[in-house]
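J.: Have a look at this one.
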Amino acid sequence: MSAEAPQLAPPPSARRPARIVLLGNPNAGKTTLFNALTGLRAKTANFPGTTVTHRMGTIESGGRSLHLVDLPGMYSLQPTTPEERVAVEAFLGSGPHGTKPDVAILVADATNLERNLFLASQVLEQDIPVLLALNMIDVAEAEGLHIDAGGLARELGCPVVPVSARTGRGLDTLLAALDEAVQKSATRIPIIQNALACTACSSCPFQNRYTWTETVAARHLKSHRAARGRKTEAIDRVLTHPVGGMVAFFSVMALMFYLIFQLATLPMDLIDHLFVTIGNHVSAWIPEGDLQSLVVNGIIGGVGGILVFLPQICILFFFLALLEDTGYLARAAFVMDRLMRRIGLPGKAFVPLLSAHACAIPAIMATRVIEDRRDRLITILIAPLMTCSARIPVYTMVIALLFPSRPGLAAMTFLGAYGVGIAAGLLSAFVMKRTILPGETRALVLELPNYRFPSIRTSFLHMYDQARMFVRQAGTLILFISILLWGLATYPKSEAPPEAEALQAQAAAVAETGDAERAAALEAEATYVADQHALAHSLAGRIGHWIEPVLAPLGFNWQIGIGIVTSFAAREVIVSTLAVVYGVGSDRAEEEPTSLHDSLRSARRADGSPVFTTATGFSLLVFYILAAQCLPTQAVTRKETGSWKWAAFQLIYMTVLAYAASLVTYQALRAFGIS
Amino acid sequence: MNTTLSAPPVPIPLDTLPLGVCAIVHHVDASDDDMRRLMTLGICAGRRLELIQRGDPMILRVFGTRLGVSRRLAARVLAQVCDHVACPH
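Which chain is which? The protein sequence lines are A and B, in order. The first sequence begins at 7 in the numbering used here and counts up by one. The second sequence begins at 606 in the numbering used here and counts up by one.
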């Protein structure tokens, strides 16, 4: 910067964007208002040093940049959850990241003025200019509530603007009031009634506040006892009923999973196809060799392998955001609380655990709603035991081997596999609650907000944010791991075996006779044999050999060992690895799975006995239900728990559990003569 | 408040309240953490509430909203059934 710069530049107060925070109770429609104000320009970021996220966006108004931050919801300035603590710190400017905001927009639910004014009583005491936005004013009016905004403004000593974030009503007025507040921000300090001055004279420091809140609300609210919340009450008679609520809950969840698996099929196929196409194009550009193999198999294949789950994750997030916005998620936690408490977890843990059946990563991210740290940790630790989408190809393969011509038994086994995962998870939670993370489960205290029509836009933006986070967290790591595993499976290189060369020569001979089709088949066969040989002699193949003694008691040979090694980061990889190991070729296995199944079924050990006996099949199935084979999950666990310790613990306990359970399965089946 | 009340009713735990009757919280005997959570949501001495659905968890109406509260915690909150004339509910 030049020496003259300070004189030329306008005073910093005018140039610097004004910092505006939006705060308010959960369910006050803060995020909808934020989105209405900022549009699509907003970004999601973490509060420094935390996993708590907030949305922020900059808008131009009144000739000045306004930097808006949407804080997590809070009921009071005395936080009870980590999210609330961060939100309170960001508002007060007391945290490690903190300057006070220039203006705070307090978003209050107009249909529930009393409760929302409680937070106002605390917020207005701070040395920060406040603007009260009475959100959902249209709903309040429809319910026959009339709020005297002018009177309320005089009493609170701050501007009060009725708005409807949904319809856009009042947003202009709000922005104008905001501009004015920003201009005057240096001089104006809100005044609060001295009725609140004495907070220590009663056993409950909140008592005076509540009395004040009630009085103020009563003074400015007409037709106080209208038909308010009647609809909610009627709906809740069903949805929170001990039996009806449970039926409704499982129906909603069944619908969600139906949608996840149904709607995601097409985009998943498209993504899969896209990555294959990219791989083919890249193969054409890069000459055959290590670089091509690295880019196509290591990078494109690895990243595609995880992005293929993105559609399911998006649908999951969208559906959950929609349910949250309607107010139903609170009911889900309510009805599941009693059931979940038996194993030592709160009702709020249920939805994350259910989400884990699509993918553990969003599930772990969704545990943030759980207030108690221990409850949350346990939920994070057991979430990966639930059967996620990535296990489905493995289950499909193993079950096809076990029951090739008995669809009924196959379906039962599939269901049983889900059951084993759930049971193992709940049992682990039960044990952890009594050993490493003891303590009473946090008792439920939960607001059941009024039902309302969800905002598609808000849900969509939420989904977008979460999906971005998933790609960032899982994607970067999987890229690194894919390259590493590619290296393990590629190096050291070995000469093509004589069989492959013989096949190659045969192919050339056939080609001369003009039978191109047969020549191509022989050519492919040669490639499969060469790939099989290369993998068996690579580092991954050697590791497979080394760990064979450890795996033998589970009924696994070194070929399966290679599968376990290469699928260490992403479990579904075992299918394509086994295809290569058994000389089928992963492309052929994908096109016609039976070719893989046939070749696995006919595989023989050195002594001539079949590799895939019933005992080995069940043992492998149990192993893949329980093993932690998904490193991105550990990365997210580390991020959410703040320490590698828990991520390592998760990896170790799941691996030990998988090993022990497979051992018992294999040995027990053999002891009973099933093999 | 109403001064014509005879003897104030004995405080009883929330989970034993009759349905749909207005009650005033007498005192809360829970851990600091739970107490703070209850207080933030409006369950603290002197506040009016109403039991609207029994069970575990139960539903209370407090301060204009519906709260789900587990029975274990509700049993630690004592409330007095309040006089109908004095209560605006």
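Just so you know, even glycine gets a beta-carbon here, dropped at the ideal spot from N, CA and C.
Spatial neighbours of Val92 (chain A) within its chain, please: CB distance less than 6 Å, with the 5 preceding and 5 following residues excluded, ordered by chain position.
T.: Working through the first sequence from its first residue, we reach residue 92 (chain A) at position 86. The answer, listed in chain order, is Phe53, Thr56, Val58.
J.: Chain A partners of Pro616 (chain B), CB-CB under 7 Å?
T.: Position 11 of the second sequence holds residue 616 (chain B). The premise fails here: Pro616 (chain B) is roughly 14 Å from chain A at the closest Cβ pair, so nothing lies under 7 Å.
J.: Residues in its own chain within less than 7 Å of Gly700 (chain B) by CB, not counting five upstream and five downstream?
T.: Outside the shown range of chain B (606 to 694) lies residue 700 (chain B), about which nothing can therefore be said.
J.: Quick one, are the C-beta atoms of Thr419 (chain A) and Ile405 (chain A) less than 7 Å apart?
T.: Reading the first sequence from its first residue, position 413 is the one you call residue 419 (chain A). Reading the first sequence from its first residue, position 399 is the one you call residue 405 (chain A). For Thr419 (chain A) and Ile405 (chain A), yes; Cβs fall inside 7 Å.
J.: Nearest by alpha-carbon distance to Leu545 (chain A): which of A:Leu494, A:Ala416, A:Leu637 is it?
T.: Within the first sequence, residue 545 (chain A) is the residue found at index 539, counting from 1. Comparing Cα-Cα distances from Leu545 (chain A) to each of A:Leu494, A:Ala416, A:Leu637, the minimum goes to A:Leu494.
J.: Would you please verify whether the beta carbon of Thr621 (chain B) is less than 7 Å from any beta carbon of chain A?
T.: By one-based count along the second sequence, residue 621 (chain B) stands at place 16. With 7 Å as the cut-off, Thr621 (chain B) does not count as an interface residue toward chain A.
J.: Can you give me the Cβ contacts of Ile553 (chain A) inside the same chain, cut-off strictly under 6 Å, excluding the 5 residues immediately before and after it?
T.: Here the question's residue 553 (chain A) lines up with position 547 in the first sequence. Within the same chain, Ile553 (chain A) has close Cβ partners Gly567.
J.: Looking at the unbroken alpha helix (DSSP H) that takes in Thr179 (chain A), where does it start and where does it end?
T.: Within the first sequence, residue 179 (chain A) is the residue found at index 173, counting from 1. Looking at the DSSP string, the run of the alpha helix (DSSP H) that includes Thr179 (chain A) is 177-190.
J.: Run through DSSP, which three-state label would Leu610 (chain A) get?
T.: Here residue 610 (chain A) refers to the residue found at position 604 of the first sequence. In the sequence on display, residue 610 (chain A) carries Arg and not Leu. Correct three-state label for Arg610 (chain A): strand.
J.: Let me make sure I understand the geometry here. Which of A:Pro504, A:Leu490, A:Thr643 has the alpha-carbon closest to that of Val715 (chain A)?
T.: Residue 715 (chain A) cannot be examined here, being either before or after the span of chain A that is shown, 7 to 681.
J.: Can you pull the DSSP bridge partners for Arg671 (chain B)?
T.: In the second sequence, the residue the question calls residue 671 (chain B) occupies position 66. Its beta-bridge partners are A:Leu454, B:Arg666.
J.: Go through its chain and collect everything with a Cβ distance to Ala641 (chain A)'s Cβ below 6 Å, but skip five positions before and after it.
T.: For the purposes of this step, residue 641 (chain A) is taken as the residue at position 635 of the first sequence. Closer than 6 Å at the Cβ level, and outside the excluded window around Ala641 (chain A), lie Leu483.
J.: Out of A:His152, A:Phe40, A:Glu161, point me to the one whose CA is closest to Leu130 (chain A)'s CA.
T.: The sequence position of residue 130 (chain A) within the first sequence is 124, counting from 1. Answer by Cα proximity: A:Glu161.
J.: With a threshold of 6 Å on Cβ separation, who are the neighbours of Ser71 (chain A) within its own chain once the five nearest residues in sequence on each side are excluded?
T.: Taking the first sequence and counting its residues from 1, one reaches residue 71 (chain A) at position 65. Answer for Ser71 (chain A): Pro23, Thr64, listed in chain order.
J.: What residues of chain B sit near Ala114 (chain A), judged by a beta carbon separation below 9 Å?
T.: By 1-based counting over the first sequence, the position of residue 114 (chain A) is 108. The premise fails here: Ala114 (chain A) is roughly 12 Å from chain B at the closest Cβ pair, so nothing lies under 9 Å.
J.: Is there at least one Cβ from chain A nearer than 7 Å to Val626 (chain B)'s Cβ?
T.: Residue mapping note: residue 626 (chain B) aligns to position 21 of the second sequence, counting from 1. With 7 Å as the cut-off, Val626 (chain B) does not count as an interface residue toward chain A.
J.: Compare the C-beta of Arg659 (chain B) with all C-beta atoms of chain A and state if any pair is closer than 7 Å.
T.: Position 54 of the second sequence, counted from the start, is the residue given in the question as residue 659 (chain B). It does not: the Cβ of Arg659 (chain B) has no partner Cβ on chain A nearer than 7 Å.
J.: Answer with yes or no whether the minimum CB distance from Arg194 (chain A) to chain B is below 7 Å.
T.: Position 188 of the first sequence, counted from the first residue, corresponds to residue 194 (chain A). Per-residue confidence for Arg194 (chain A) stands at a pLDDT of 46, beneath the threshold of 50, marking its modelled position as unreliable; the derived number appears in the next sentence. It does not: the Cβ of Arg194 (chain A) has no partner Cβ on chain B nearer than 7 Å.
J.: Which residues, taken in chain order from the segment 661-690 of chain B, show a beta carbon closer than 7 Å to some beta carbon of chain A?
T.: Of all residues in the segment 661-690 of chain B, Asp661, Pro662, Ile664, Phe668, Gly669, Thr670, Arg671, Leu672, Gly673, Val674, Ser675, Arg677, Leu678 have a Cβ within less than 7 Å of some Cβ in chain A.
J.: Determine whether the beta carbon atoms of Met252 (chain A) and Val341 (chain A) lie at a separation below 7 Å.
T.: For the purposes of this step, residue 252 (chain A) is taken as residue 246 along the first sequence, with counting starting at 1. For the purposes of this step, residue 341 (chain A) is taken as residue 335 along the first sequence, with counting starting at 1. Closer than 7 Å, so yes.
J.: For Lys228 (chain A) and Leu643 (chain B), I'd like the C-alpha separation in whole angstroms.
T.: If you number the first sequence from 1, residue 228 (chain A) lands on position 222. If you number the second sequence from 1, residue 643 (chain B) lands on position 38. Taking the straight line from one Cα to the other gives about 28 Å.
J.: Using a beta-carbon distance below 7 Å, is Arg348 (chain A) in contact with chain B?
T.: Start at 1 with the first residue of the first sequence, and residue 348 (chain A) comes out as number 342. No, Arg348 (chain A) lies away from the interface with chain B (no Cβ there is under 7 Å from its Cβ).
J.: Under 7 Å between the Cβ atoms of Ala355 (chain A) and Ile386 (chain A)?
T.: In the first sequence, the residue the question calls residue 355 (chain A) occupies position 349. In the first sequence, the residue the question calls residue 386 (chain A) occupies position 380. Their beta carbons are not under 7 Å apart, which means Ala355 (chain A) does not touch Ile386 (chain A) by this criterion.
J.: Looking at Asp331 (chain A) and Ser170 (chain A), is the spacing between their C-beta atoms short of 7 Å?
T.: Within the first sequence, numbered from 1, the residue matching residue 170 (chain A) stands at position 164. Within the first sequence, numbered from 1, the residue matching residue 331 (chain A) stands at position 325. Cβ distance not < 7 Å, so Ser170 (chain A) and Asp331 (chain A) don't count as in contact.
J.: Taking the C-alpha atoms as reference points, what is the distance between Pro273 (chain A) and Tyr470 (chain A)?
T.: The residue labelled residue 273 (chain A) in the question sits at position 267 within the first sequence. The residue labelled residue 470 (chain A) in the question sits at position 464 within the first sequence. One C-alpha to the other measures close to 16 Å.
J.: Between Asp381 (chain A) and Leu360 (chain A), is the Cβ-Cβ spacing less than 7 Å?
T.: For the purposes of this step, residue 381 (chain A) is taken as residue 375 along the first sequence, with counting starting at 1. For the purposes of this step, residue 360 (chain A) is taken as residue 354 along the first sequence, with counting starting at 1. Against a cut-off of 7 Å, the Cβ pair of Leu360 (chain A) and Asp381 (chain A) comes out as no contact.
J.: For Ser625 (chain A), which residues of its own chain have a beta-carbon under 6 Å away from its beta-carbon, when the five flanking residues on both sides are left out?
T.: The residue given as residue 625 (chain A) occupies position 619 in the first sequence. Here the set comprises Leu560, Gly561, Ser668, Thr671, Tyr672.
J.: For chain B, check one thing: does any of its Cβ atoms lie closer than 7 Å to the Cβ of Ala201 (chain A)?
T.: Start at 1 with the first residue of the first sequence, and residue 201 (chain A) comes out as number 195. Confidence is the limiting factor: at Ala201 (chain A) the pLDDT is only 47, short of 50, which leaves the residue's position unreliable, though a coordinate-based value still follows. So no, Ala201 (chain A) is outside the interface.
J.: Which residue comes first and which comes last in the beta strand (DSSP E) that contains Leu560 (chain A)?
T.: In the first sequence, residue 560 (chain A) corresponds to position 554, counting from 1. Taken as a continuous stretch (DSSP letters only), Leu560 (chain A) belongs to no beta strand (DSSP E), as it is neither H nor E.
J.: Assuming the contact rule is C-beta atoms closer than 8 Å, Gln685 (chain B) and Pro623 (chain B) should be a hit. Round their C-beta distance to whole Å, please.
T.: Residue mapping note: residue 685 (chain B) aligns to position 80 of the second sequence, counting from 1. Residue mapping note: residue 623 (chain B) aligns to position 18 of the second sequence, counting from 1. With a Cβ gap of about 12 Å, Gln685 (chain B) and Pro623 (chain B) do not count as contacting.
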